[in-house]
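K.L.:
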Amino acid sequence: MDGRERGHVRVAVIGSGFGGLGAAVRLRRQGITDFVILERADAVGGTWRDNSYPGCACDVPSHLYSFSFAPNPEWPRNFSGQPHIRAYLERVTDIFGLRPHLRFQSEVRSLRWNAEALHWEVETASGSLTAEVVVSATGPLSDPKVPEIPGLDTFPGKVSHSARWDHDYDLRGKRVAMIGTGASAIQIVPAIQPDVQRLTLFQRTPPWVLPRADRRISAAEKWLHTKVPATRAARRGLLWGIREMQVSAFTKRPERLGLIESLARNHMKKAVKDPALRAALTPDYRIGCKRILLSNTYYPALAQPNVDVVTAGLAEVRGSTLVGSDGSEVEADAIVFGTGFHVTDLPIAKRVTGVHGTTLAEEWKDGMEALRGATAAGFPNFLTIIGPNTGLGNSSMILMIEAQLNYLADFMRQLDVLGGKIALDARPSAVQDWNRKLQQRMTRTVWSTGGCDSWYLDANGRNSTVWPGTTGEFKKVTRQVDLAEYEVLRPPKPAGSSTGERAEVAV
Ligand code: NAP
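Offset between the sequence shown (1-based) and this note's numbering: plus 192.
1) Cβ of L610 within 6 Å of any heavy atom in the ligand NAP?
2) Jot down the residue ranges of each uninterrupted alpha helix (DSSP H) in the region 385-461, minimum 4 residues, whole runs only, in chain order.
3) Should A411 be listed as close to the ligand NAP, given that the test is whether its C-beta is under 6 Å from any heavy atom?
4) In this structure, does DSSP put M560 in helix, strand or coil?
5) Straight-line CA distance for N243 to S352?
6) The alpha helix (DSSP H) with G212 in it runs from where to where?
7) Among F603, D645 and K465, which residue has its Cα nearest to the Cα of G480?
8) Just the C-alpha distance for V300 and M604, rounded to the nearest angstrom, thanks.
9) Which residues bound the alpha helix (DSSP H) around T641?
10) Taking only the alpha-carbon atoms, compute the straight-line gap between W626 and I590 and give it to the nearest angstrom.
11) The ligand ADP and L506: does the residue's C-beta get closer than 6 Å to at least one heavy atom of that ligand?
12) If you draw a straight line from the alpha carbon of E696 to that of E679, how long is it in whole angstroms?
13) Could you please give the first and the last residue of the uninterrupted beta strand (DSSP E) stretch that includes V252?
14) Between L486 and the rest of its own chain, which residues show a CB-CB distance below 6 Å, the 5 nearest in sequence each way excluded?
15) Please state whether the Cβ-Cβ distance between S254 and W267 is less than 7 Å.
16) Does the count of Cβ pairs from the region 571-586 and the region 434-448 closer than 8 Å reach three?
17) How about I371: is its Cβ closer than 6 Å to a heavy atom in the ligand NAP?
18) Is Y648 buried or exposed, if buried means 16 or more other CB atoms sit within 10 Å of its CB?
19) Is the number of C-beta pairs between the region 556-566 and the region 303-318 that are closer than 8 Å three or more?
20) Beta carbon of F770: closer than 6 Å to some heavy atom of the ligand NAP?
21) Using CA coordinates, which residue listed in V217, I224 and V638 is at the minimum distance from P446?
22) Start and end of the beta strand (DSSP E) containing H353?
23) Sort D602, Q596, N581 and A215 by Cα distance to R628 and report the nearest one.
24) To which residues of the same chain is A139 closer than 6 Å at the C-beta, ignoring the five residues directly before and after it?
25) Could you spell out where the beta strand (DSSP E) holding H276 opens and where it closes?
26) Ignore the nearest five residues each way along the sequence and tell me which others in W556's own chain have a CB closer than 7 Å to its CB.
27) Taking only the alpha-carbon atoms, compute the straight-line gap between P386 and H417 and give it to the nearest angstrom.
28) Are the region 201-210 and the region 220-228 in contact at 8 Å, needing three or more beta carbon pairs?
29) Just how far apart, CA to CA, sit A566 and L321?
30) Looking only at its own chain, which residues have a Cβ that is under 6 Å from the Cβ of V699, when we skip the five neighbours before and after it?
31) Is any heavy atom in the ligand NAP found nearer than 6 Å to the beta carbon of S376?
32) Tell whether a beta-carbon distance below 7 Å holds between G505 and R367.
33) Is G664 helix, strand or coil when you go by DSSP?
34) Kindly examine the ligand NAP and report whether one of its heavy atoms sits closer than 6 Å to the Cβ of P348.
35) Does I371 come out as helix, strand or coil in the three-state DSSP assignment?
36) Between H200 and A323, what straight-line distance do the alpha-carbon atoms span, to the nearest angstrom?
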């Protein structure tokens, strides 16, 4: 044996971030141990492994941004930093016995449905295998997006992306250009500003920024959360409940969000005294249209004398000169792209070939869509964790992931109940119906009406990323697999069709 992956597994999970590890725990709890976790890197953690930029932290409180089945009474802060979240995922891996399932350096190169055998043929960087079910948990924030900037290759200095921080490169004393004003950039700016010689922020669109109610979690609180677990649950419940109550403003009554805009304006006013800079930093769209950002240090950093804000996108690079779309020119030694991720054009989709010989990316050329955020027609026994329209604008993605894990667990149970060699393929009519209703609801949301462009929208302006409801509602609609929404595939008879026999099931 050359150590390369071989053989057949019941389930192949792709990715070992919150989604992949959660899926693995759920499978084990269901008594399924015949699975592997295929991970392209050499450690678990997903986006919390890859994002290690200075200041990286989560802006959702840790007691909510963690698995309900793996509470951590020891969270150090309300909003814990990346090292603590990453360490938490390492502990989850150990405590739930997931190490033996992990296959590192195993980037999935292709997944091809075999209609005769009713399984997936999986090619990875470490070899090939077949799997009855594939759980794609690659996440939407895993592949960095760097815009195509003319002349970028002529830049003689350091070019990096927020999600691929080079800790060996010293920014101290350098002229640094930060590109973008998203959740990543606003954490990086205050973290590096004191050390760099000059910081130029290329701001294409100003974000709405609210105060961040962060604080250390006291020893007494930790003690209480350890000794009296109900206090931990109550804390989580409160954090959850407050966010659930906010949802209708985002999805049905965006005008109500206007009240929060004055909070954000005051927050800026306290730190930025220069009216011209304040005007430049004030958004002209409804708060919530783009992700609302939380920071107490972003505005104070921008008000420092070594910081310039260019109110334009980076349009061109000529050697060490960066040119804004307004024609402004800036000299820089280093460029940091905080330009986000390939969210609506998931790279994994190009690698998955389904029943009809087309890839998921081809099927999704007019926009991603799935049934209940998980399954796509023509891709049997293939489930996505954090699939289309499962993102949130205001709460913890772990709640959505756990709801999808319930769906995965029931999917596996249904396969067992139906018995034999079998696959479930989402009916096109069910996928269409689900998405038609979803898009109808989308028309009233702040993401569609707020007057901004965001990564929530795809190239056609369609929102294929965010869930237009509460997390409670999503949990309810993903509790069980409705077999009426699926075609049941069984292996073809010897002289049968190449796509497998589709059998109706009484439900
Ligand atoms: P992002 O929200 O997609 O932001 C990308 C930024 O790059 C935008 O400000 C965009 O401007 C800008 N941009 C793109 N091309 C540009 C150009 N040529 N010149 C100037 N600016 C340009 O990416 P992100 O900040 O990495 O955040 C992505 C998501 O990750 C977040 O929304 C959040 O869900 C997650 N995240 C979470 C946390 C957390 O605390 N939990 C922290 C970091 C990230 P426009 O606005 O004009 O498009």
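Glycine included, C-beta positions come from ideal geometry on N, C-alpha and C.
P.N.:
So, from the data block:
1) no
2) 411-419 and 421-443
3) no
4) coil
5) 12 Å
6) F210 to R221
7) D645
8) 22 Å
9) V638 to T641
10) 22 Å
11) Annotation note on the ligand ADP: not contained in the displayed structure, which lists the ligand NAP as its ligands.
12) Residue placement at E696 cannot be trusted, given a pLDDT of 43 that sits under 50; what the coordinates show is reported in the next sentence. For E696 and E679, the distance between alpha carbons rounds to 7 Å.
13) First-last for V252: undefined, no H or E at that position.
14) D251, L402 and R404
15) yes
16) yes
17) yes
18) buried
19) no
20) Nothing can be reported for residue 770, as the shown portion of the chain is limited to 193 through 699.
21) V638
22) K350 to H353
23) N581
24) With the chain covering only 193 through 699, there is no way to say anything about residue 139.
25) Careful: H276 lies outside any beta strand (DSSP E), inside the alpha helix (DSSP H) at Q274 to I287.
26) A541
27) 37 Å
28) yes
29) 23 Å
30) With a pLDDT of 37 at V699, under the threshold of 50, the modelled position of that residue is not reliable, and the figure given next carries that caveat. These residues qualify, in order along the chain: L675 and A676.
31) yes
32) no
33) helix
34) no
35) strand
36) 6 Å
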